[in-house]
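Trainee: Numbering (this note's numbering), first residue to last: 106 to 501. Even glycine gets a Cβ: it sits at the ideal position worked out from N, Cα and C.
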Ligand code: SF4
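#1: Where does residue 489 sit, in a helix, a strand or coil, going by DSSP?
#2: From residue 165 to residue 344, what distance separates their C-alpha atoms?
#3: Return helix, strand or coil for residue 110, following the three-state DSSP convention.
#4: At a threshold of 7 angstroms, does residue 216 count as lining ligand 1 (C-beta to nearest heavy atom)?
#5: Note down, in chain order, each residue of its chain lying with its Cβ closer than 6 angstroms to the Cβ of residue 260, except the 5 sequence neighbours on either side.
#6: May I have the straight-line CA-CA distance separating residue 110 from residue 320, to the nearest angstrom?
#7: Using only CA atoms, which one of 464, 353, 324 lies nearest to residue 413?
#8: So, residue 127 versus residue 204, is the Cβ gap smaller than 8 angstroms?
#9: Among residues of its own chain, excluding the 5 on either side of residue 221, which ones have a beta-carbon nearer than 7 angstroms to its beta-carbon?
#10: Just checking my contact of residue 167 with residue 202 at CB under 8 angstroms: how many whole Å lie between their CB atoms?
#11: For residue 279 and residue 193, I'd like the C-alpha separation in whole angstroms.
#12: Inspect the beta-carbon positions of residue 364 and residue 300 and report whether they are closer than 8 angstroms.
#13: On the premise that residue 306 lies in contact with residue 229, defined as a C-beta separation below 8 angstroms, what is that separation, rounded to the nearest angstrom?
#14: Which parts of the region 246 to 291 are runs of the alpha helix (DSSP H), unbroken and 4 residues or longer, counting only runs that do not cross its ends?
#15: Can you tell me whether residue 493 sits near ligand 1, meaning its C-beta is under 7 angstroms from at least one heavy atom of the ligand?
#16: Thinking just about the alpha-carbon of each residue, which of 476, 159, 387 is nearest to the one in residue 590?
#17: Would you say the region 232 to 251 touches the region 274 to 293, given that touching needs at least three Cβ pairs under 8 angstroms?
#18: At a cut-off of 7 angstroms, would you count residue 424 as near ligand 1, judging by its Cβ distance to the nearest heavy atom?
#19: Within its chain, find whatever has a CB closer than 7 angstroms to the CB of residue 313; leave out the 5 residues flanking it on each side and keep chain order.
#20: By the 10 Å Cβ neighbour count, where 16 or more other Cβ atoms means buried, how is residue 403 classified, buried or exposed?
#21: Counting along the chain, where does the beta strand (DSSP E) carrying residue 452 start and finish?
#22: In chain order, what residues of the same chain have a beta carbon less than 6 angstroms from the beta carbon of residue 254, not counting five sequence neighbours either side?
#23: Tell me which same chain residues have a C-beta within less than 6 angstroms of the C-beta of residue 180, skipping the five on either side of it?
#24: By Cβ distance below 6 angstroms, which residues in the same chain neighbour residue 108 in space, the five residues on each side in sequence not counted?
#25: Expressed to the nearest angstrom, what Euclidean distance is found between the alpha-carbon atoms of residue 378 and residue 395?
#26: Thinking C-beta only, is residue 420 closer than 8 angstroms to residue 317?
#27: Tell me the DSSP secondary structure of residue 395 in three-state form.
#28: Flag residue 428 as yes when its Cβ comes closer than 7 angstroms to any non-hydrogen atom of ligand 1, and as no otherwise.
#29: Whose C-alpha, out of 258, 185, 462, is nearest the C-alpha of residue 450?
#30: Short of 6 angstroms in beta carbon distance, which residues of its chain neighbour residue 223, apart from the five on each side in sequence? Order them along the chain.
#31: Within 7 angstroms: the Cβ of residue 137 and any heavy atom of ligand 1?
#32: Between 424, 455, 405, which lies nearest to residue 440 when the distance is taken from Cα to Cα?
#33: Under a Cβ-count criterion, where at least 16 other Cβ atoms within 10 Å of its own Cβ denotes burial, should residue 346 be classed as buried or exposed?
#34: With residue 214 as the anchor, note down where its beta strand (DSSP E) starts and where it stops.
#35: Which residues in the same chain have their Cβ closer than 8 angstroms to the Cβ of residue 58, if we skip the five residues on either side of it in sequence?
#36: Can you name, in chain order, every residue of its own chain whose Cβ lies under 7 angstroms from the Cβ of residue 391, other than the five neighbours on each side?
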């Protein structure tokens, strides 16, 4: 799956912009769960009439960004992705990309996960929720770094898993920033945000299905990356999947797997009918404490990989000092490996891409895939039985 589309994700320019708010410049740190909700924010702000040219996302994370814009601003010892937020704030405040009037950094409390309704809750990691306030403190220590640059810091708590309360949360935060903003207008903009996000996610899921169908027809393997959404950031995930793609293996991301009914019924239907799980998206059989949205999606992705014959290998990414990922290492690995699927983990990723060891491990993965993918696919196909909808067009 070609994934190098980030410039498009963060750079799309819809039309129909009201004139009254054209001059307001909004900076948004491209960090953490912004990587899975960016289209919501784009749809929301442009629906409010903010000029698309005035929506400024920070750059991808890099060591240089942290050194130049975040040095000396750290406040808490934390996991690597949260530590990096400081550099994004500094870059936006410095106007390094374009000048801004507002630094908008939502404290995302919950996420609009595709597993909503099938799990206990859809919460964001507490470190993600608290990051805006923690990072802001680093820019207030020696005087108000926001006021000094004429920038307002707006960091509303937003429960994106609960669309009904989001308009009130955002209206309260933005009413005195966006001139003349009404609750009704905010409600319409929130709806536009969800529509944009759903359309984007649906397009990527359709693309993932196409890739799986291509692999199924040719009986060739693909890889699945199981990670947090922000491992898509080249400075957080170090583009390890890109190195693997260079060997010719298509790469899927766990957040964008196909959810079509026919496919899920083929994969999970027997377990649903046997009462093992309540629905194809139920993960209570492997992860009863399903409160964290991103963790839930990683566990479901592992189940998907275990059942999908052409996913011959899973690559797990996690960051330095991630307390949320630690309890999931063993269950995810066991789910994947018990199906005979190859499993490789890159853990404790931080600022430095361990280029040498990544190269060796990528070569190792490619070697194992070359040797074992055919047998893995055959074994998994036999376990799943006939009727795969990915092959339906071929059979017809
Ligand atoms: S999930 Fe892990 S890496 Fe992400 S913010 Fe929480 S602790 Fe940090």
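Mentor: In this structure, then:
#1: Residue state, collapsed to three classes: helix.
#2: Near 12 angstroms, if we compare the C-alpha coordinates of residue 344 and residue 165.
#3: Only weak support exists for where residue 110 lies, its pLDDT of 47 falling under 50; the value from the coordinates is given anyway. Coil, per DSSP.
#4: Distances taken from the Cβ of residue 216 to the heavy atoms of ligand 1 include none shorter than 7 angstroms.
#5: The answer, listed in chain order, is 210, 212, 237.
#6: Its pLDDT being 47, under 50, residue 110 is placed unreliably by the model, and the measurement read from it follows with that caveat. If I take the Cα positions, the gap works out to 22 angstroms.
#7: The shortest C-alpha separation from residue 413 is found at 324.
#8: Their beta carbons are not under 8 angstroms apart, which means residue 127 does not touch residue 204 by this criterion.
#9: Non-local beta-carbon contacts of residue 221 in its own chain, meaning distances under 7 angstroms to residues more than five positions away in sequence, involve 227, 266 in chain order.
#10: In this structure residue 167 is not in contact with residue 202, their Cβ atoms being roughly 13 angstroms apart against a cut-off of 8 angstroms.
#11: Approximately 21 angstroms between the Cα atoms of the pair.
#12: Cβ distance not < 8 angstroms, so residue 364 and residue 300 don't count as in contact.
#13: No, residue 229 and residue 306 are not in contact; Cβ-Cβ is about 17 angstroms, not under 8 angstroms.
#14: Every unbroken stretch of the alpha helix (DSSP H) spanning 4 or more residues and falling wholly within the region 246 to 291 is given here in chain order: 271 to 279.
#15: No, Cβ of residue 493 sits at least 7 angstroms from all heavy atoms of ligand 1.
#16: Since the first and last residues shown for the chain are 106 and 501, residue 590 lies out of range.
#17: With a cut-off of 8 angstroms, the region 274 to 293 and the region 232 to 251 do not count as touching, because too few Cβ pairs lie within range.
#18: Under cutoff, so the answer is yes.
#19: Within the same chain, residue 313 has close Cβ partners 106, 357, 361, 362, 363.
#20: Around the CB of residue 403, 16 or more other CB atoms lie within 10 Å, so the residue is classed as buried.
#21: DSSP places residue 452 inside the beta strand (DSSP E), whose first and last residues are 447 to 454.
#22: Excluding residues within five positions, the ones whose Cβ falls inside 6 angstroms are 198.
#23: Only 239, 242, 243 meet the Cβ criterion.
#24: The predicted model places residue 108 with a pLDDT of 45, which falls under 50 and marks its position as unreliable, so this point remains unresolved.
#25: Here the alpha carbon of residue 378 sits roughly 22 angstroms from the alpha carbon of residue 395.
#26: The answer is no: Cβ separation not under 8 angstroms.
#27: In the three-state reduction of the DSSP assignment, residue 395 falls in the coil class.
#28: Yes, the beta carbon of residue 428 sits closer than 7 angstroms to at least one heavy atom of ligand 1.
#29: Residue nearest to residue 450 within the set 258, 185, 462 is 462 (criterion: CA-CA distance).
#30: Within the same chain, residue 223 has close Cβ partners 384, 386, 387.
#31: Residue 137: yes, Cβ under 7 angstroms from ligand 1.
#32: Residue 440 has its Cα closest to that of 405, out of 424, 455, 405.
#33: Counting Cβ neighbours within 10 Å, residue 346 comes out buried, since at least 16 surround it.
#34: First-last of the beta strand (DSSP E) with residue 214: 212 to 215.
#35: Lying outside 106 to 501, the shown extent of the chain, residue 58 is not represented and no answer is given.
#36: Once the five neighbours on either side are set aside, the close Cβ partners of residue 391 are 404, 408, 436, 440.
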